[in-house]
Amino acid sequence: MSGGDGGRLASRIDLRGPAIYEAGSGRRIRAYSLAAFFAAGALVSGLVVVVPGWPQMHRPGLAVTIAVAAAGALVLWRFADRIDRVLCHGFVVLGSALIGICQVLAGGGSASTAYAMLYVWVILHAALFFSSRAVAGHLGIATAAHVTALLIHAEHEAVLPQLVLTMGTQVAAWIVVATLSRRLHHVARTDHLTGVANRREAEFVVHAAVDRARRRGEPLCVSVLDLDGFKEFNDGNGHPAGDELLVEATRAWRGELPRTATLARTGGDEFLAVLPGCDPTQAAGIARRLVEATPHGVGCSAGVVSWDGAEGPDTLLRRADVVLYQAKAGDEAVAVASTRTH
């Protein structure tokens with residue numbers, strides 16, 4: 006999805022977990038998902054309390070645990086925009102702890118075994134939103150909570166077989182969910198023709214890049230590129246030739262981009278290069294190389310803007326579009342605006 010030899014910001018966002026969920030709607034999706042698991046746990050546990058069948062369970066204690074889970078769901082839902090990655094990890098740990106407490110309060114035996122199934126929810130959420138290392142950590146925490154509950158009830162002989170069943174189920178869920186999640190992420194965020202990032206992915210990457218630049222005080226530039234006369238090329242050579250031009254252009258451009266850059270196709274013949282760590286001079290040089298690398302003698306225009314340190318991602322992209330039109334209307338193929346225009 007990006008420049009250089011493929012070591013890339015977009016891939017780190019998708020596969021490492023989480024930078025993509027630190028911006029905009031991504032953070033809310035992560036928090037809402039966890040809120041749903043907390044709410045489901047509270048609901049299921051509440052039904053268990055009122056349904057007869059486990060006389061040994063400590064119902065008042067379970068009621069308190071259920072109330073904590075319900076409160077957690079409410080906080081996650083109400084303050085979803087403020088639940089960053091660290092807080093989300095904390096809530097997942099809280100979930101494992103609450104399940105372990107429910108196992109203890111259930112009184113041991115089949116009741117505790119039944120509650121152990123809820124640990125799968127912990128791994129499902131972690132596999133969807135966290136890196137593999139983080140999932141392994143949460144698997145360890147869930148296992149520790151489970152073992153502690155079994156030992157409290159002196160069920161020493163049950164520890165090994167229950168761990169084999171629960172950990173095996175959790176690991177299987179982890180593998181399946183992580184594999185499907187990564188595949189779906191790739192399909193949903195990749196342009197099917199050129200193989201670079203699509204418009205949706207570009208929006209995520211720009212949001213993440215702006216957040217990163219704001220936190221670290223680093224420069225950030227974006228460049229919008231548009232092929233000149235692409236409609237005429239299509240009309241004269243046919244649409245298959247136009248598609249091949251787009252494929253060859255992106256292939257050539259990726260070879261000119263630094264490893265930290267991301268290239269995205271945002272429209273028919275319009276592309277976006279996100280250039281973290283680049284100042285306007287560096288970004289302009291990269292844009293000129295991209296223009297020169299455009300194949301088949303087709304012209305290309307580029308508008309380059311530098312993040313001003315305060316504006317949002319949408320404003321940054323709108324400025325880049327304006328500068329692109331300045332380039333297309335002027336004599337120079339590349340137009341640069343390093344500061345925000347009013």
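All the letters of the sequence shown, read from the start, carry residue numbers 6 to 347 under my numbering. Even for Gly, the Cβ is constructed at its ideal location relative to N, Cα and C. None of these values were measured; they are calculated from a predicted model.
Item to check | Rounded straight-line distance, which links the Cα of Val-152 to that of Ile-104 | outcome: 12 Å
Next on the checklist: If you reduce the DSSP assignment to three classes, tell me which class Arg-264 lands in.
Outcome noted: The answer is coil: DSSP assigns Arg-264 none of H, G, I, E or B.
Checklist entry - Who are the Cβ neighbours of Asp-326 in its own chain at under 8 Å, not counting the five residues just before and after it? => result Val-229, Gly-308
Checklist entry - Got a sec, what are the start and stop residues for the beta strand (DSSP E) Ala-278 sits in? => result 275-281
Next on the checklist: With DSSP as the reference, identify every bridge partner of Arg-4, one or two as the case may be.
Outcome noted: Limits of the chain in this structure are 6 at one end and 347 at the other, which puts residue 4 out of reach.
Checklist entry - Among the residues of its own chain, which have a CB less than 7 Å from the CB of Ala-102, if the five just before and after it don't count? => result Ala-150
Item to check | Distance, Ala-78 Cα to Phe-84 Cα | outcome: 10 Å
Checklist entry - Would you call the CB atoms of Val-227 and Pro-285 closer than 8 Å? => result no
Checklist entry - Straight-line CA distance for Ala-214 to Gly-273? => result 24 Å
Checklist entry - Among the residues of its own chain, which have a CB less than 6 Å from the CB of Ala-139, if the five just before and after it don't count? => result none
Checklist entry - Quick one: Cα of Thr-195 to Cα of Glu-206, how far? => result 7 Å
Checklist entry - In this structure, does DSSP put Ser-136 in helix, strand or coil? => result In this structure, Ser-136 counts as coil in the three-state DSSP scheme.
Checklist entry - Can you tell me whether DSSP reads Gly-351 as helix, strand or coil? => result What the structure shows of the chain is the stretch from 6 to 347, and residue 351 is not part of that stretch, so it cannot be assessed.
Next on the checklist: Measuring CB atoms only, is the segment 122-136 touching the segment 180-189, in the sense that at least three cross pairs come out at less than 8 Å?
Outcome noted: yes
Item to check | Supposed contact pair Asp-240 and Lys-333 - C-beta distance, whole angstroms, cut 8 Å | outcome: No, Lys-333 and Asp-240 are not in contact; Cβ-Cβ is about 19 Å, not under 8 Å.
Checklist entry - Comparing alpha-carbon positions, which option in Val-210, Val-201, Val-310, Val-211 lies nearest Trp-258? => result Of Val-210, Val-201, Val-310, Val-211, the residue nearest in Cα terms is Val-201.
Item to check | Straight-line gap, Val-176 to Gly-302 (C-alpha atoms, nearest Å) | outcome: 53 Å
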